[in-house]
Amino acid sequence: MVADRAVLDRALAAGEREGGSVEFKERLTEDLHLADGKLESLAAQLRHRVLSGDGEATYVVGVTDDGGLAGISPDVFSESMDVLSLLAEEANAHIEAVDTWGIDDGLVGVATIAEGTMLEDDGHIVVGTAGHVDHGKSTLVGSLVTGQPDDGNGDTRSFLDVQPHEIERGLSADLSYAVYGFSDGEPVRTRNPNRKADRAEVVEEADRLVSFVDTVGHEPWLRTTIRGLVGQKLDYGLLTVAADDGPTKTTREHLGVLLATELPTVVAITKADMVDEERAIEVEREVERLLRDVGKSPLRIDRHGVEAAIEEIGDTVVPILRTSAVTMDGLDALDELFERLPKTGTEKGEFSMYIDRSYKVTGVGAVASGTIRSGTVEAGDELLLGPFRDGTFHEVEARSIEMHYHRVDSAKAGRIVGIALKGVREADLERGMVLLPRDTDPTPVREFEAEVMVLNHPTRIDDGYEPVVHLETVSEAAAFHPEGGQLLPGDTGHTRVRFKFRPYLVEEGQRFVFREGRSKGVGTVTNVSSE
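In the UniProt record's numbering, the protein residues as written are 1 to 531.
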């Protein structure tokens with residue numbers, strides 16, 4: 001990431017003191033620095049610098065031996081980081097962070113090397129938020145991850161990963177992310193949420209993490225909300241209902257998606273500070289009626305306690321509690337809930353990750369982001385990426401892995417990560433592609449068979465019906481060809497599904513949501529056909 005120049009100035013000043021934990025390098029190359037036993041020698045030097053720096057060392061790359069700013073090309077910088085990563089691994093350390101600056105036509109970077117590897121946490125849960133626009137989803141999450149009360153105008157929502165235009169309008173237009181955690185049962189929060197390094201520290205310090213995938217509440221972006229709830233391997237849902245507004249049409253839509261994906265869900269009644277007790281009770285009753293209408297049993301946390309909520313949450317029970325990001329009422333109960341809720345299970349087997357978004361990082365290259373669906377990935381792993389539009393898969397390498405801006409050596413199923421990829425341009429990465437081990441033989445398809453349930457449709461579904469199918473991170477128009485020629489509202493039936501534009505990797509047993517206008521339904525893949 002591009003960082004404050006003061007970081008570079010401090011590193012240059014520290015490098016003037018010989019024998020310390022700072023090392024200057026113009027570049028590191030595989031041919032020179034990893035050849036003829038030099039790996040062991042350089043790793044030993046790196047280890048010495050880490051120990052001299054109380055567990056941390058700094059490498060300034062793109063500078064001369066005397067600290068002059070030389071700058072190197074992005075390709076040479078990437079190779080230098082690859083070599084440095086191998087040296088760190090040999091020295092039982094890892095690259096924790098990389099800051100870069102543009103110097104003329106080249107780059108200068110400061111890499112922070114830390115001793116050991118990140119401890120694995122077995123209780124990391126991922127929570128997806130949902131709810132109507134302006135019902136306080138992002139604000140509630142912002143106050144949770146920082147411990148800071150909101151100013152009443154949604155100020156803490158800016159603490160999430162949101163775009164500048166979203167902050168300006170006060171509306172989310174895409175998925176955003178946040179994280180906090182617990183260490184020995186005590187919350188580990190982000191001290192300065194506007195600094196990526198502070199979020200990385202949460203990942204490093206916590207022995208249990210709670211990651212939030214914050215979805216979009218505005219009706220025109222329901223497709224994005226479905227993508228977040230279907231494609232992120234969530235453990236729990238958090239549905240917000242504002243006390244001053246109550247359940248809306250969008251509330252019902254989002255609840256339907258949460259229940260259709262069989263996600264254990266908590267309902268937070270937000271903005272409790274804005275209404276009197278009579279109104280708060282009225283909204284609680286509206287939420288309870290809404291849940292009973294869809295066959296769920298509401299459980300009031302203020303009446304039955306957090307312990308009961310943890311034990312009962314699941315297929316039939318939905319806990320409810322009042323909250324206020326302004327007064328912080330109810331947030332202690334959410335802390336206790338998220339600290340104790342169990343992981344709902346992750347898929348075992350070989351590594352796989354469907355790509356949700358991609359971006360380009362200076363000095364690193366193409367980065368694919370998503371939630372690991374199964375298995376484990378390590379930095380340096382050789383992978384397959386695809387399918388591309390012609391159905392092919394290409395070989396790539398996992399150059400490095402980050403989780404909420406904290407660089408890790410490996411990550412396992414259920415983690416939201418960014419994987420820097422060697423061997424592909426960022427422009428060629430597309431949502432719905434998948435990363436797999438290189439020794440696999442995937443077969444993408446345009447067509448599959450499924451068992452579907454029509455949850456809502458104004459008339460009947462006929463042969464050739466074309467909704468958008470949301471499967472993993474795939475969001476693609478597809479044609480339905482029902483067995484018997486039609487499906488009626490409330491029907492469960494068999495259908496062929498054919499993607500309209502391109503093939504994807506689809507597996508038996510995967511669940512999906514389909515939607516078109518006011519229509520929506522859910523399905524399960526029963527058979528995969530290759531062409």
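Heads up, the beta-carbon is just placed ideally off N, CA and C, and yes, glycines get one too.
If you draw a straight line from the alpha carbon of H135 to that of E204, how long is it in whole angstroms?
Within the sequence shown, the letter at position 135 stands for residue 135. Within the sequence shown, the letter at position 204 stands for residue 204. The straight-line gap from Cα to Cα measures roughly 32 angstroms.
Burial state of G523, where buried means 16 or more other Cβ atoms lie within 10 Å
For this step, residue 523 is matched to residue 523 along the sequence shown. Under this definition G523 is a buried residue.
Where does F351 fall in DSSP's three states?
Position 351 of the sequence shown, counting from 1, holds the residue named residue 351. In this structure, F351 counts as coil in the three-state DSSP scheme.
Buried or exposed for V525, please, with buried defined as at least 16 other CB atoms from any protein chain shown within 10 angstroms of its CB.
On the sequence shown, residue 525 is found 525 positions in, with the first residue counted as 1. When all chains shown are included, V525 counts as buried.
Does DSSP classify G523 as helix, strand or coil?
Taking the first residue of the sequence shown as position 1, residue 523 is located at position 523. For G523, the secondary structure class from DSSP, reduced to helix, strand or coil, is strand.
Test item: CB-CB of R27 and S80 under 8 angstroms:
Translated into the one-based positions of the sequence shown, residue 27 becomes position 27. Translated into the one-based positions of the sequence shown, residue 80 becomes position 80. Closer than 8 angstroms, so yes.
Kindly list the residues whose CB is nearer than 6 angstroms to the CB of F499, restricted to its own chain and excluding five residues on each side of it in sequence; keep chain order.
Reading the sequence shown from its first residue, position 499 is the one you call residue 499. So the list reads R446, E476 and A478, once near-sequence residues are dropped.
Quick one: residues in its chain with C-beta nearer than 6 angstroms to the C-beta of T327, no 5 flanking neighbours on either side, listed in chain order?
By one-based count along the sequence shown, residue 327 stands at place 327. Excluding positions up to five away in sequence, the list reads D273.
Determine, for A111, whether the minimum Cβ-Cβ distance to residues of chain C falls below 8 angstroms.
No chain C is present in this structure, which holds just one protein chain.
Quick one: residues in its chain with C-beta nearer than 7 angstroms to the C-beta of G370, no 5 flanking neighbours on either side, listed in chain order?
For this step, residue 370 is matched to residue 370 along the sequence shown. If we look at G370 and ignore the five residues flanking it on each side, its Cβ neighbours are M353, Y354, I355, D356 and T473.
D335 classed as buried or exposed, judged by whether at least 16 other C-beta atoms fall within 10 angstroms
If you number the sequence shown from 1, residue 335 lands on position 335. Its Cβ being crowded by 16 or more others within 10 Å, D335 is buried.
Let's see if you can read the secondary structure: which residues bound the alpha helix (DSSP H) around V63?
Indexing the sequence shown from 1 puts residue 63 at position 63. Looking at the DSSP string, V63 is not in any alpha helix (DSSP H), and its letter there is neither H nor E.
Would you call H165 buried or exposed, if buried means 16 or more other Cβ atoms sit within 10 Å of its Cβ?
Taking the sequence shown and counting its residues from 1, the one referred to as residue 165 is at position 165. Reliability of the predicted coordinates at H165 is poor, the pLDDT of 32 falling under 50, and no value is obtained from them.
Backbone secondary structure at Q486 - three-state DSSP:
The residue you call residue 486 lines up with position 486 of the sequence shown. Here Q486 sits in strand by DSSP.
Quick one: any contact between the stretch 461 to 471 and the stretch 436 to 444, if contact means 3 or more CB pairs under 8 angstroms?
no
Environment of Y359 [buried if 16+ CB atoms lie within 10 Å]
Taking the first residue of the sequence shown as position 1, residue 359 is located at position 359. Looking at its Cβ environment, which holds fewer than 16 other Cβ atoms inside 10 Å, Y359 is exposed.
Given K422, which residues of its chain have a CB within under 6 angstroms of its CB, disregarding the five upstream and five downstream residues?
Position 422 of the sequence shown, counted from the start, is the residue given in the question as residue 422. Counting only Cβ-Cβ distances below 6 angstroms, and skipping sequence neighbours, we find E397 and R399.
Note down, in chain order, each residue of its chain lying with its Cβ closer than 7 angstroms to the Cβ of I301, except the 5 sequence neighbours on either side.
Mapped onto the sequence shown, residue 301 falls at position 301. Closer than 7 angstroms at the Cβ level, and outside the excluded window around I301, lie A309, P319, I320, L321 and A333.
Sort out for me which residues DSSP pairs M453 with in a bridge.
Here residue 453 corresponds to residue number 453 of the sequence shown, with the count starting at 1. In the DSSP output, where bridge partners are listed per residue, M453 has T492 and V522.
Going by DSSP, what residues sit across from V108 in a beta bridge?
The residue you call residue 108 lines up with position 108 of the sequence shown. Note: V108 sits in a beta bridge opposite W101.
Quick one: what's got a C-beta closer than 8 angstroms to D329's C-beta in the same chain, skipping five residues either side?
Within the sequence shown, residue 329 is the residue found at index 329, counting from 1. So the qualifying residues of the chain are A272, D273, R322 and T323.
Per DSSP, F212 is paired with what?
Locating residue 212 in the sequence shown gives position 212, counting from the first residue. V127 and A178.
Rounded to a whole number of angstroms, what is the C-alpha to C-alpha distance between F448 and A413?
Stepping through the sequence shown from its first residue, residue 448 is reached at position 448. Stepping through the sequence shown from its first residue, residue 413 is reached at position 413. For F448 and A413, the distance between alpha carbons rounds to 25 angstroms.
Does the Cβ-Cβ distance between T140 and T240 come in under 8 angstroms?
Residue numbering aside, residue 140 sits at position 140 when the sequence shown is read from its first letter. Residue numbering aside, residue 240 sits at position 240 when the sequence shown is read from its first letter. The question names Thr, but residue 140 in the sequence shown is Leu. The answer is yes: Cβ separation under 8 angstroms.
Just checking my contact of D235 with V408 at CB under 8 angstroms: how many whole Å lie between their CB atoms?
Counting from one through the sequence shown, the residue named residue 235 turns up at place 235. Counting from one through the sequence shown, the residue named residue 408 turns up at place 408. About 20 angstroms; that fails the 8 angstroms criterion.
What residue does the alpha helix (DSSP H) around K38 start on, and which one ends it?
Start at 1 with the first residue of the sequence shown, and residue 38 comes out as number 38. K38 -> alpha helix (DSSP H) spans K38 to S52.
Taking the straight line between their C-alpha atoms, what separation do you get for G106 and A268?
Indexing the sequence shown from 1 puts residue 106 at position 106. Indexing the sequence shown from 1 puts residue 268 at position 268. If I take the Cα positions, the gap works out to 50 angstroms.
Return helix, strand or coil for E311, following the three-state DSSP convention.
Counted from its first residue, the sequence shown places residue 311 at position 311. Helix, per DSSP.
Less than 8 angstroms separating the beta-carbons of V124 and T250?
Taking the sequence shown and counting its residues from 1, one reaches residue 124 at position 124. Taking the sequence shown and counting its residues from 1, one reaches residue 250 at position 250. Rather than Val, the amino acid found at residue 124 in this sequence is His. Cβ distance not < 8 angstroms, so H124 and T250 don't count as in contact.
Closest by CA to E516, which one among Q486, V469 and R502?
To locate residue 516, count along the sequence shown from 1; it is residue 516. Here the closest residue by C-alpha is V469.
Would a C-beta distance cut-off of 8 angstroms place L238 and T129 closer than the cut-off?
Within the sequence shown, numbered from 1, the residue matching residue 238 stands at position 238. Within the sequence shown, numbered from 1, the residue matching residue 129 stands at position 129. In contact: L238 and T129 (Cβ atoms closer than 8 angstroms).
DSSP three-state label for G370, please.
Counting from one through the sequence shown, the residue named residue 370 turns up at place 370. Correct three-state label for G370: strand.
According to the neighbour-count rule (16 or more other Cβ atoms, all chains shown, within 10 Å of its Cβ), is V145 buried or exposed?
On the sequence shown, position 145 is the one that residue 145 refers to. Under this definition V145 is a buried residue.
If you compare alpha carbons, which of P149, I419 and Q486 is closest to M453?
For this step, residue 453 is matched to residue 453 along the sequence shown. Ranking P149, I419 and Q486 by Cα distance to M453 puts Q486 first.
Within 10 angstroms of its Cβ, does T392 collect 16 or more other Cβ (buried), or is it exposed?
Here the question's residue 392 lines up with position 392 in the sequence shown. Exposed is the call here.
For E89, the nearest candidate out of Q45, A427 and V202 (CA to CA)
Position 89 of the sequence shown, counted from the start, is the residue given in the question as residue 89. Considering only alpha carbons, the answer is Q45.
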